[in-house]
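Notes follow the structure.
There are 2 protein chains.
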Amino acid sequence: MNPAEPKLNTAVYIHRRLREAIIEGQLQSGSAIRQDEIAARYGVSKIPVREALVLLEAEGFVTSQPGRGASVTELSAAEVEEIYLMRLGLETILLERSLPNLTPLDFARTEGILHALDSDNLDPLAWQQLDREFHSGLYRGANLPRIQATVANLHGNLARYYTVYQSFGETFRVQGQQEHRAILDACRRQENAEACDLLRHHLTRSSSTLIEQLTK
Amino acid sequence: MNPAEPKLNTAVYIHRRLREAIIEGQLQSGSAIRQDEIAARYGVSKIPVREALVLLEAEGFVTSQPGRGASVTELSAAEVEEIYLMRLGLETILLERSLPNLTPLDFARTEGILHALDSDNLDPLAWQQLDREFHSGLYRGANLPRIQATVANLHGNLARYYTVYQSFGETFRVQGQQEHRAILDACRRQENAEACDLLRHHLTRSSSTLIEQLTK
DNA sequence: AATGGGATAATAGTATACGATTATAAGAAA
DNA sequence: TTTCTTATAATCGTATACTATTATCCCATT
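Keeping their order, the protein sequence lines are chains A and B.
For the first sequence, the positions run 4 to 219 when this note's numbering is used.
For the second sequence, the positions run 4 to 219 when this note's numbering is used.
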């Protein structure tokens with residue numbers, strides 16, 4: 004009855020927990036996911052676990068082979084590049100549609116996120132969430148929920164690689180922040196095309212940097 | 004043991020059947036989907052039916068409310084427009100990446116599909132499939148399987164509206180074919196940018212035509 | 001007639017149980 | 001040893017059964 008404790012679908016609950024575990028690195032790429040084990044760990048049956056896995060597979064977090072069960076998806080360099088390419092195509096649309104509708108308040112809020120991102124004692128998970136908030140904040144005015152959801156999911160699929168490769172964070176973050184500020188600046192000046200170009204550059208550069216780490 | 008009869012996951016089987024039924028209009032937009040009924044119809048239990056529904060929901064074919072079950076997703080005009088916008092962003096990427104890798108054989112094959120599309124006694128379902136083959140044929144050289152799968156799914160989500168509104172097919176198809184030929188022609192001439200522009204135009208125009216029908 | 005309970009039916013959601021498939025290990029034959 | 005076979009264990013996949021939730025209907029009250 005407590006609205007603060009909404010009755011949660013077991014499958015939805017398991018889905019969230021597994022997604023978190025993958026993003027945070029507790030479930031590593033390639034590791035097998037045993038239905039019985041998950042069910043036992045959370046004190047539920049296999050049915051909702053299986054439903055959660057179906058959804059996770061559709062979202063790309065998990066790969067399953069018939070009869071052999073599921074494992075955390077391992078992304079090749081080519082697949083990472085493809086995800087960034089997809090983000091590029093979709094996020095430029097979001098930015099174009101969003102910019103005319105953004106208010107000074109939106110910009111201020113986004114500025115705040117940038118400030119938080121400057122902090123040098125962010126754990127990778129927090130950093131990744133703020134990075135995501137920065138981008139989605141710029142798309143707030145787009146009013147394209149499907150595309151936004153797709154982009155959020157793509158971001159989620161890359162997230163665990165950021166949390167894994169914390170080591171390369173330093174230069175990656177500094178450069179990222181420069182690019183973030185440049186994008187926000189162009190947005191404030193209502194320079195639509197320039198902002199999109201900067202976003203494109205930011206994503207392309209992030210892509211190469213991450214792939215460089217992956218193939219090393 | 005017969006390789007022509009590969010042992011199929013029940014959930015996968017149900018998923019395919021329901022997807023077909025939605026695209027072909029046997030399950031109409033907004034109609035409720037009762038788990039027990041589907042299970043009884045195909046002689047299976049609810050478990051694989053539920054898994055199929057989870058996947059269909061992730062793909063956008065079905066909308067479910069907790070405790071109340073699932074129904075075939077009804078797309079608003081805004082959502083149709085958003086899907087076309089998404090296709091636009093992704094398909095231009097596919098075309099750009101694919102074009103340099105397409106061979107004369109690919110073009111000939113696509114030409115053949117265009118020819119088939121000229122036939123005036125196509126049922127809406129066949130037309131929709133050929134239309135899909137035309138587009139995906141042009142992206143064959145892209146080697147971006149995730150994006151291709153996403154685009155195919157978006158196409159699938161629009162498909163049932165084509166089969167429903169067969170009536171407006173005549174002019175829609177003729178104009179579509181003109182645009183298809185123009186796109187293929189530009190591709191053959193390796194005019195990358197022109198082909199993308201034509202594709203953009205084709206998708207934008209298709210979007211408005213369909214929405215016009217929907218809001219009528 | 002309209003509205004508001006409360007019993008009943010219909011349906012969703014999940015656990016348990018079991019058969020089917022796949023992995024693992026141990027022993028026999030080369 | 002290596003490879004093949006066979007037995008065993010682990011795990012997946014699905015049907016059945018039960019509980020919880022939601023919808024429907026009837027009747028009382030206004």
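Glycine included, every Cβ here is placed at the ideal spot set by N, Cα and C.
Keep in mind that this is a model prediction, so the values were computed, not measured.
Check whether residue i and residue j have beta carbons under 7 Å apart
i          : j          : result
Val-52(A)  : Ile-41(A)  : yes
His-118(B) : Arg-135(B) : no
Thr-95(B)  : Cys-199(B) : yes
Leu-21(B)  : Leu-206(B) : no
Leu-147(B) : Glu-60(A)  : no
Val-65(B)  : Ala-55(B)  : no
Ile-17(B)  : Val-75(B)  : no
Asn-195(B) : Leu-102(B) : yes
Ala-185(A) : Leu-202(A) : no
Ile-116(B) : Leu-88(B)  : no
Other residues of its chain near residue i: CB distance less than 8 Å, five sequence neighbours each side excluded
i          : result
Gln-151(B) : Leu-97, Ser-139, Tyr-142, Ala-145
Glu-27(A)  : Leu-128, Arg-163, Thr-166
Ile-214(A) : Ala-80, Val-83, Glu-84
Ile-36(A)  : Leu-21, Leu-30, Leu-56, Val-65, Gly-72, Ala-73, Ser-74, Val-75
Lys-219(A) : none
Gln-180(B) : Leu-117, Leu-120, Asp-121
Ser-67(B)  : Leu-56, Glu-60, Ala-73, Ser-74
Residue environment, residue i, which counts as buried when at least 16 other CB atoms sit within 10 Å
i          : result
Ser-79(B)  : exposed
Pro-127(B) : buried
Thr-106(A) : exposed
Gln-31(B)  : exposed
Gln-193(B) : exposed
Val-33(A)  : Per the sequence presented here, residue 33(A) reads as Gly, with Val not at that position. Label assigned to Gly-33(A): exposed.
Asn-124(B) : exposed
Glu-11(A)  : One point to set straight first is that residue 11(A) is Leu, not Glu, in the sequence displayed. Exposed.
Leu-187(A) : buried
Gly-70(B)  : exposed
Leu-161(B) : buried
Ser-209(B) : buried
Gln-131(B) : buried
Glu-23(A)  : exposed
Residues near residue i by beta carbon distance below 6 Å, same chain, minus five either side
i          : result
Glu-182(B) : His-205
Glu-62(A)  : Asn-156
Leu-217(A) : Ala-80
Asn-104(A) : Gly-144
Lys-49(B)  : Gln-38, Ala-42
Same chain only: Cβ atoms within 7 Å of residue i, ignoring 5 sequence neighbours per side
i          : result
Thr-13(A)  : Val-47, Pro-51
Leu-93(B)  : Ile-150, Thr-153, Val-154
Arg-222(B) : Examination of residue 222(B) is not possible in this model, given that chain B is present from 4 through 219 alone.
Ala-189(B) : Glu-197, Ala-198, Leu-201
Thr-212(B) : Phe-175
Glu-77(B)  : Ser-32, Gly-33
Arg-19(A)  : none
Arg-100(B) : Ala-145, Leu-147
In chain order, what are the residue ranges of uninterrupted beta strand (DSSP E) at least 3 long that sit wholly in the stretch 27-80 of chain B?
65-68, 72-75
Go through the stretch 99-128 of chain B residue by residue and report every complete run of the alpha helix (DSSP H) that reaches 4 residues or more, in order.
107-121
Mind pulling the alpha helix (DSSP H) runs of 4 or more residues that sit fully within the stretch 150-194 of chain B?
Counting only unbroken stretches of 4 or more residues, the alpha helix (DSSP H) elements lying wholly within the stretch 150-194 of chain B are 172-191, in sequence order.
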